[in-house]
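Numbering (numbering that gives the first Met the number 0), first residue to last: 0 to 221.
One structure is given here, and the rest of the page talks about it.
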Amino acid sequence: MIAELEKVWAERRSRRAYRPEPVPRETLERVFELAQHAPSWCNIQPWRVCITEPPVTGLLAAELQQAAKSGLPHPEVPFPLDYPTPYKEHRIACGAALYTAMGIARENKAGRYDAWLRNYALFDAPHVAVVACDRRLGPYAYVDVGVWLGYVLTAATALGLDTCAMASVAAYPEALRARLPLDPNDQVLFGIVIGHADEEAPANACRTTREPASKNVRFVST
Ligand SMILES: Cc1cc2nc3c(=O)[nH]c(=O)nc-3n(C[C@H](O)[C@H](O)[C@H](O)COP(=O)(O)O)c2cc1C
Numbered sequence: 000m001i002a003e004l005e006k007v008w009a010e011r012r013s014r015r016a017y018r019p020e021p022v023p024r025e026t027l028e029r030v031f032e033l034a035q036h037a038p039s040w041c042n043i044q045p046w047r048v049c050i051t052e053p054p055v056t057g058l059l060a061a062e063l064q065q066a067a068k069s070g071l072p073h074p075e076v077p078f079p080l081d082y083p084t085p086y087k088e089h090r091i092a093c094g095a096a097l098y099t100a101m102g103i104a105r106e107n108k109a110g111r112y113d114a115w116l117r118n119y120a121l122f123d124a125p126h127v128a129v130v131a132c133d134r135r136l137g138p139y140a141y142v143d144v145g146v147w148l149g150y151v152l153t154a155a156t157a158l159g160l161d162t163c164a165m166a167s168v169a170a171y172p173e174a175l176r177a178r179l180p181l182d183p184n185d186q187v188l189f190g191i192v193i194g195h196a197d198e199e200a201p202a203n204a205c206r207t208t209r210e211p212a213s214k215n216v217r218f219v220s221t
């Protein structure tokens with residue numbers, strides 16, 4: 000069992016260019032049914048999700064791109080303003096891996112802007128799941144939604160789908176609220192694009208690395 004789980008986790012990575020064909024509704028339903036196994040504190044299951052299908056995904060992508068071109072990001076749950084060491088270095092390496100894969104030089108500002116804008120085109124994916132959580136629960140419930148996200152990404156990979164979790168989707172919430180039935184009590188946290196990756200696209204050659212667990216985890220026995 001562990002070998003299969005490891006295979007799925009090794010296979011999963013963020014894909015940032017998609018083929019247009021939609022995923023059958025039954026397959027999407029299966030992903031989200033499987034992810035309902037996720038634990039949450041007191042079993043409150045606080046994830047609230049709107050999943051788009053064509054043509055809505057394309058309409059939303061156009062509206063998000065318009066919003067991204069016209070103003071600064073203003074997510075309902077603030078993004079980090081600063082990344083202290085060692086997070087800063089990880090973040091830089093992550094960006095460098097993507098821009099190298101895409102052949103965009105560091106000084107190519109226009110190229111970087113276009114690559115940034117691809118987020119709001121939802122990487123041409125046929126589906127985006129917009130994920131929110133009731134603001135009355137406070138930030139602790141985000142832990143539960145994060146656990147659930149891991150289940151969604153794992154289930155999608157195991158079912159042969161490609162994904163990218165996307166904070167950027169939450170950056171222009173009014174575009175989401177105009178298009179989707181989001182509850183006024185809910186705060187948008189992130190999106191998850193879902194589909195089949197365009198394997199030829201340079202962005203999908205991007206690979207990230209991980210520190211050994213010893214950098215994150217300490218055993219304490221005395
Ligand atoms: C909560 C969350 C938000 C993310 N937001 C974005 C995003 O807005 N745009 C993007 O291209 N990638 C986004 N990512 C993908 C990360 O950059 C990616 O998971 C990380 O670099 C590790 O690479 P991997 O997923 O290929 O293993 C996000 C991932 C998570 C978990």
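Idealized CB from N, CA, C, for every residue including glycine.
Using 10 angstroms around the beta-carbon of proline 83, count the other beta-carbons present and answer buried if the total reaches 16, otherwise exposed. As a position in the sequence shown, residue 83 is number 84, starting the count at 1. Classification for proline 83: exposed.
Nearest CA to the CA of threonine 208: which residue from Glu3, Arg12 and Ile1? Here residue 208 corresponds to residue number 209 of the sequence shown, with the count starting at 1. Nearest in C-alpha terms to threonine 208, of all of Glu3, Arg12 and Ile1, is Arg12.
Look up threonine 99 in the DSSP assignment and say whether it is helix, strand or coil. Sequence index remark: in the sequence shown, residue 99 carries index 100 (1-based). Looking at threonine 99 - three-state DSSP - the assignment turns out to be helix.
With a threshold of 16 other CB atoms inside 10 Å of the CB of valine 130, please say whether the residue is buried or exposed. The sequence position of residue 130 within the sequence shown is 131, counting from 1. It counts as buried.
Hey, alanine 200 and leucine 97: beta-carbon distance below 8 Å or not? By one-based count along the sequence shown, residue 200 stands at place 201. By one-based count along the sequence shown, residue 97 stands at place 98. The criterion of a C-beta distance shorter than 8 Å is not satisfied by alanine 200 and leucine 97.
Spatial distance of proline 138 from phenylalanine 122 (CA atoms): In the sequence shown, residue 138 corresponds to position 139, counting from 1. In the sequence shown, residue 122 corresponds to position 123, counting from 1. Near 29 Å, if we compare the C-alpha coordinates of phenylalanine 122 and proline 138.
Specify which residues have a beta carbon nearer than 6 Å to any heavy atom of ligand 1, listing them in chain order. Arg12, Ser13, Arg15, Cys93, Asn118, Cys163, Ala164, Met165, Ala166, Ser167, Phe189 and Thr207
Whether glutamate 20 touches proline 85 by CB criterion (8 Å): Against the sequence shown, residue 20 aligns to sequence position 21. Against the sequence shown, residue 85 aligns to sequence position 86. The Cβ atoms of glutamate 20 and proline 85 lie no closer than 8 Å to each other.
Can you say whether arginine 24 is buried or exposed, counting buried as having 16 or more other CB atoms within 10 angstroms of its CB? Looking up residue 24 in the sequence shown gives position 25. Under this definition arginine 24 is an exposed residue.
Would you say histidine 36 and tyrosine 150 are within 8 Å of each other, going by their C-beta atoms? Within the sequence shown, the letter at position 37 stands for residue 36. Within the sequence shown, the letter at position 151 stands for residue 150. Less than 8 Å separates the beta-carbon of histidine 36 from that of tyrosine 150.
Among residues of its own chain, excluding the 5 on either side of alanine 170, which ones have a beta-carbon nearer than 6 Å to its beta-carbon? In the sequence shown, the residue the question calls residue 170 occupies position 171. The answer, listed in chain order, is Pro72 and Pro74.
Alpha carbon to alpha carbon, how far is threonine 99 from histidine 89? Give it in angstroms, no decimals. Here residue 89 is taken as the residue at index 90 of the sequence shown, counted from 1. Here residue 99 is taken as the residue at index 100 of the sequence shown, counted from 1. It is roughly 15 Å from the alpha-carbon of histidine 89 to the alpha-carbon of threonine 99.
Taking only three categories from DSSP, how would you classify glutamine 186? The sequence position of residue 186 within the sequence shown is 187, counting from 1. If DSSP states are grouped into helix, strand and coil, glutamine 186 belongs with the strands.
What does the Cβ neighbour count give for phenylalanine 218, buried or exposed, with the cut at 16 atoms within 10 Å? Counted from its first residue, the sequence shown places residue 218 at position 219. Answer is exposed; the Cβ neighbour count stays below 16.
With respect to the alpha helix (DSSP H) encompassing aspartate 113, which residues constitute its N-terminal and C-terminal limits? What you label residue 113 is simply residue 114 of the sequence shown in a count that begins at 1. 108-119 is the span of the alpha helix (DSSP H), which, as asked, contains aspartate 113.
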